[in-house]
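*Asks:* The structure follows.
Residue numbers (our numbering): 30 to 245.
Set out below in structure tokens:
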């Protein structure tokens with residue numbers, strides 16, 4: 030029988046990612062860039078939410094790193110609106126990591142302003158990886174159901190701001206707001222939660238006020 034040896038792994042598989050993420054964060058801070066990691070499930074309205082926010086930023090320059098498994102549909106849309114945007118396709122990977130963001134930041138040549146990093150549509154892996162951001166913005170929707178904090182706790186636990194999108198559909202869907210908020214508060218007692226509609230623009234003035242306050 031071959032000899033079996035136990036090897037103790039002392040270094041976390043996340044260590045390298047976190048080290049690069051810290052470097053990115055420091056570099057962005059020095060450049061006067063406020064970085065927002067935008068998380069949410071597919072179809073949560075991440076890009077349309079960003080458009081609503083960027084329309085209200087005034088003289089603050091927005092930049093976007095757009096993450097998708099495939100395609101560049103949202104990047105083309107943002108570029109057509111005059112937003113400086115760069116595309117990352119992961120070709121199957123379910124999240125963005127800090128080495129990818131580091132390269133994109135260099136290519137985008139960001140200056141003073143705000144950088145939105147739209148992560149892959151997923152409520153699991155993106156919450157696990159730091160990518161140099163200052164805050165995590167989680168977009169949930171009333172159409173997804175009110176049980177998401179219970180099913181995907183890490184995303185809600187790590188969020189610095191939560192937007193409940195598509196609130197214009199509340200009269201037409203089965204969404205228990207009290208149950209949803211109970212789940213959120215069990216995981217994250219202080220996170221601000223804003224009800225918004227990326228279709229009508231409802232609620233985004235308050236969101237932008239929060240962003241500007243934290244940007245300073």
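Every residue gets a Cβ at the ideal spot worked out from N, C-alpha and C, and that includes glycine.
Along the chain, which unbroken stretches of the beta strand (DSSP E) at least 3 residues long are found entirely within the region 62-90?
*Replies:* Counting only runs of 3 or more, we get 62-69.
*Asks:* Please determine, among 200, 197, 226, 62, the residue with the shortest C-alpha to C-alpha distance to residue 75.
*Replies:* Residue 75 sits at position 46 when you count from the first residue of the chain shown. Residue 226 is the option with its Cα nearest to residue 75.
*Asks:* Does DSSP put residue 276 in a helix, a strand or coil?
*Replies:* Residue coverage of the chain in this structure runs from 30 to 245, which leaves residue 276 outside it and unanswerable.
*Asks:* Distance, Cα to Cα, residue 230 vs residue 81?
*Replies:* Translated into positions along the chain shown, residue 230 becomes position 201. Translated into positions along the chain shown, residue 81 becomes position 52. Residue 230 and residue 81: Cα-Cα distance of roughly 6 Å.
*Asks:* Alpha carbon to alpha carbon, how far is residue 48 from residue 202?
*Replies:* Against the chain shown, residue 48 aligns to sequence position 19. Against the chain shown, residue 202 aligns to sequence position 173. About 43 Å.
*Asks:* Would you list, in sequence order, the uninterrupted alpha helix (DSSP H) runs of no fewer than 4 residues that lie entirely inside the region 119-171?
*Replies:* List check, alpha helix (DSSP H) in window: 127-137.
*Asks:* Going by the CB atoms, is the gap between residue 194 and residue 219 shorter than 8 Å?
*Replies:* By one-based count along the chain shown, residue 219 stands at place 190. By one-based count along the chain shown, residue 194 stands at place 165. In this structure, residue 194 does not lie closer than 8 Å to residue 219 by Cβ.
*Asks:* Going residue by residue through the region 170-218, where are the continuous beta strand (DSSP E) segments of at least 3 residues, counting only ones entirely within it?
*Replies:* Listed in chain order, they are 190-194.
*Asks:* Please classify residue 231: does DSSP put it in a helix, a strand, or coil?
*Replies:* As a position in the chain shown, residue 231 is number 202, starting the count at 1. Coil.
*Asks:* Classify residue 47 as helix, strand or coil using the three-state DSSP reduction.
*Replies:* Here residue 47 refers to the residue found at position 18 of the chain shown. Helix.
*Asks:* Using the C-alpha atoms, what's the distance from residue 197 back to residue 86?
*Replies:* Here residue 86 refers to the residue found at position 57 of the chain shown. Here residue 197 refers to the residue found at position 168 of the chain shown. Cα-Cα distance, rounded: 23 Å.
*Asks:* Pop quiz: residue 125 and residue 149 are said to be a contact at Cβ under 8 Å. What is the actual Cβ separation, rounded to whole angstroms?
*Replies:* Position 96 of the chain shown, counted from the start, is the residue given in the question as residue 125. Position 120 of the chain shown, counted from the start, is the residue given in the question as residue 149. With 8 Å as the limit, residue 125 and residue 149 qualify as a contact, their Cβ atoms being about 6 Å apart.
*Asks:* What are the start and end residues of the beta strand (DSSP E) that includes residue 224?
*Replies:* In the chain shown, residue 224 corresponds to position 195, counting from 1. It spans 222-224 - the beta strand (DSSP E) in which residue 224 sits, taken as one unbroken run.
*Asks:* On the DSSP bridge list, what partners appear for residue 117?
*Replies:* For the purposes of this step, residue 117 is taken as the residue at position 88 of the chain shown. The partner list for residue 117 (beta bridge, DSSP) reads 96.
*Asks:* Can you tell me the Cα-Cα spacing of residue 141 and residue 56, whole angstroms?
*Replies:* One-based indexing of the chain shown puts residue 141 at position 112. One-based indexing of the chain shown puts residue 56 at position 27. Cα to Cα, the separation comes out at about 11 Å.
*Asks:* Can you name, in chain order, every residue of its own chain whose Cβ lies under 6 Å from the Cβ of residue 39, other than the five neighbours on each side?
*Replies:* Here residue 39 is taken as the residue at index 10 of the chain shown, counted from 1. With a pLDDT of only 48 at residue 39, under 50, the local geometry of the prediction cannot be trusted, and the value read off the model is given with reservation. No residues qualify anywhere along the chain.
*Asks:* Can you tell me whether residue 138 is buried or exposed, with buried defined as 16 or more other CB within 10 angstroms of its CB?
*Replies:* The residue labelled residue 138 in the question sits at position 109 within the chain shown. With fewer than 16 other Cβ atoms within 10 Å, it is exposed.
*Asks:* In the structure shown, what three-state DSSP assignment does residue 101 receive?
*Replies:* As a working mapping, residue 101 is identified with position 72 in the chain shown. If DSSP states are grouped into helix, strand and coil, residue 101 belongs with coil.
*Asks:* Tell me the rounded alpha-carbon separation between residue 115 and residue 94.
*Replies:* Counted from its first residue, the chain shown places residue 115 at position 86. Counted from its first residue, the chain shown places residue 94 at position 65. About 5 Å.
*Asks:* Check whether the Cβ atoms of residue 213 and residue 189 lie closer than 8 Å to each other.
*Replies:* Along the chain shown, read from residue 1 onward, the residue named residue 213 stands at position 184. Along the chain shown, read from residue 1 onward, the residue named residue 189 stands at position 160. Contact: no.
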